[in-house]
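Some notes on the structure that comes next.
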Amino acid sequence: MGFTVALAGKGGVGKTTIAALAILYLLRKNKKPILAVDADANSNLNELLGVEVTHTVGGARESLKTDVPSGMPKDTFMEYKIQEAVIEGEGFDLLVMGRPEGPGCYCFPNSIIKRYIEILSKNYSYLVIDNEAGMEHISRLTARDVDLLIVVSDPSTRGILTAKRIYDLVKEMEIRVGKSLLLINKVNGNLAKEIVDMVDSMGLTLGGVVPSDSDIAKFDLAQRSLLELPNGNKAYDYVSGILKDYIP
Ligand SMILES: Nc1ncnc2c1ncn2[C@@H]1O[C@H](COP(=O)(O)OP(=O)(O)OP(=O)(O)O)[C@@H](O)[C@H]1O
Ligand SMILES: [Mg+2]
Numbered sequence: 048m049g050f051t052v053a054l055a056g057k058g059g060v061g062k063t064t065i066a067a068l069a070i071l072y073l074l075r076k077n078k079k080p081i082l083a084v085d086a087d088a089n090s091n092l093n094e095l096l097g098v099e100v101t102h103t104v105g106g107a108r109e110s111l112k113t114d115v116p117s118g119m120p121k122d123t124f125m126e127y128k129i130q131e132a133v134i135e136g137e138g139f140d141l142l143v144m145g146r147p148e149g150p151g152c153y154c155f156p157n158s159i160i161k162r163y164i165e166i167l168s169k170n171y172s173y174l175v176i177d178n179e180a181g182m183e184h185i186s187r188l189t190a191r192d193v194d195l196l197i198v199v200s201d202p203s204t205r206g207i208l209t210a211k212r213i214y215d216l217v218k219e220m221e222i223r224v225g226k227s228l229l230l231i232n233k234v235n236g237n238l239a240k241e242i243v244d245m246v247d248s249m250g251l252t253l254g255g256v257v258p259s260d261s262d263i264a265k266f267d268l269a270q271r272s273l274l275e276l277p278n279g280n281k282a283y284d285y286v287s288g289i290l291k292d293y294i295p
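Quick note: to get this note's numbering, add 47 to the position in the sequence shown (first position is 1).
Structure, rendered in structure tokens:
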């Protein structure tokens with residue numbers, strides 16, 4: 048069973064950026080094969096990984112309504128469609144969940160999707176799941192345990208409050224989380240004492256800090272893949288220094 052890393056946190060704090068840096072870490076450490084899962088409806092992990100999205104799981108789910116050849120069981124069709132949705136990158140594969148469900152009942156396709164993602168993910172040693180701000184749909188996407196939950200915040204009180212809410216939510220959900228890591232991203236200089244105190248008072252443990260980085264900002268503006276970050280990039284070095292203690 049592959050080691051599963053999932054990202055969560057308030058909007059805009061850097062979940063997708065950290066997911067891409069985690070994938071870069073796995074690639075550089077030759078920890079493969081890797082499946083990157085973009086579970087955000089407004090998916091953009093592909094851009095940070097330099098791959099184009101051709102198929103999505105959402106698209107597969109839609110085609111179940113109209114495109115199943117007569118005589119073919121829906122399960123077989125869905126398995127084929129999910130295989131088709133696996134996009135090959137350099138050294139990793141990417142599965143994009145795509146747009147959310149429209150009106151109507153999706154319980155049946157969702158249960159098939161969950162089953163085939165389970166089967167598919169057995170082919171990988173590492174899964175990195177990028178998420179929307181919420182956590183609810185992780186349980187919709189997979190029944191598997193999350194080995195490492197990275198809760199990302201920015202150095203703001205609202206970011207930390209959201210992190211706390213995520214920790215509380217995880218406790219209520221059926222998925223089991225192995226280790227969790229609170230990571231404060233986009234930090235300029237030292238963390239404000241108020242933030243450190245807030246983390247402490249909420250009973251959270253600060254797992255690491257990632258600095259605000261001008262290369263990351265430049266790559267964002269140029270819409271460049273973070274997998275092309277040069278050696279010695281500050282943000283990457285911080286992330287890899289943290290992940291080495293959490294990812295076997
Ligand atoms: N360490 C960093 N240094 C500089 N810029 C950063 C850093 N981390 C993230 N950013 C920038 O912050 C912005 C938001 O990052 P990102 O898209 O990764 O956040 P997100 O949490 O995934 O957002 P969303 O909730 O919309 O999915 C991007 O422009 C990204 O380039
Ligand atoms: Mg994102």
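Backbone N, C-alpha and C define an ideal beta-carbon position, used for all residues, glycine too.
Three-way DSSP call (helix, strand, coil) for residue i in this model
i	result
isoleucine 134	strand
lysine 233	strand
valine 104	helix
isoleucine 294	coil
glycine 206	helix
glycine 61	coil
aspartate 284	helix
phenylalanine 124	helix
tyrosine 171	coil
lysine 76	coil
threonine 252	coil
leucine 68	helix
valine 243	helix
leucine 276	coil
leucine 238	coil
aspartate 192	coil
valine 217	helix
Classification of residue i by the beta-carbon crowding that lies within 10 angstroms, buried from 16 upward
i	result
serine 200	buried
aspartate 177	buried
arginine 108	buried
tyrosine 285	buried
serine 227	buried
threonine 252	exposed
serine 261	exposed
threonine 123	exposed
Cα-Cα separation between residue i and residue j, rounded to whole angstroms
i	j	result
leucine 290	glycine 105	31 Å
threonine 269	asparagine 232	As written in the sequence, residue 269 is alanine, which differs from the threonine given in the question. If I take the Cα positions, the gap works out to 21 Å.
alanine 264	leucine 141	23 Å
valine 198	isoleucine 213	8 Å
glycine 58	alanine 180	5 Å
serine 158	threonine 103	16 Å
glutamate 135	glycine 255	31 Å
lysine 281	glutamate 126	41 Å
arginine 75	isoleucine 65	15 Å
serine 248	glutamate 241	10 Å
methionine 220	lysine 211	15 Å
glutamate 99	isoleucine 294	28 Å
glycine 61	leucine 92	11 Å
tyrosine 283	threonine 63	13 Å
tyrosine 163	leucine 238	43 Å
aspartate 292	lysine 161	30 Å
valine 243	proline 258	15 Å
serine 287	valine 175	15 Å
glutamate 137	lysine 121	31 Å
glycine 250	valine 133	39 Å
glutamate 275	glutamate 131	27 Å
valine 246	serine 90	30 Å
Of the listed residues the options, nearest to residue i (C-alpha basis)
i	options	result
tyrosine 171	Leu54, Lys79, Arg146 and Leu274	Lys79
threonine 101	Asp122, Leu276 and Val143	Val143
leucine 7	Ala239, Arg75, Pro202 and Asn237	For residue 7 there is no data in the structure shown, the boundaries of the chain being 48 and 295.
leucine 216	Leu68, Thr51, Phe50 and Ala55	Ala55
alanine 67	Pro295, Glu131, Arg271 and Tyr293	Arg271
phenylalanine 266	Glu94, Leu73 and Val246	Glu94
alanine 53	Tyr173, Gln130 and Arg146	Tyr173
alanine 88	Ser261, Thr63, Arg146 and Glu275	Arg146
glutamate 165	Val84, Phe139 and Asn91	Val84
valine 193	Ser259, Gly236, Gly225 and Leu167	Gly225
leucine 73	Ala132, Met245 and Leu96	Leu96
isoleucine 129	Gly138, Ser168 and Gly118	Ser168
proline 277	Leu71, Leu82 and Ser110	Leu71
lysine 218	Asn235, Leu196 and Val234	Leu196
leucine 273	Met119, Leu82 and Ala69	Ala69
phenylalanine 139	Ile81, Gly49, Met119 and Ser110	Ile81
*asked:* Across the segment 207-226 and the segment 103-121, are there enough close Cβ pairs to call them in contact, namely three or more that are closer than 8 Å?
replied: Taking a cut-off of 8 Å on C-beta distances, the segment 207-226 does not touch the segment 103-121, as fewer than three cross pairs fall below it.
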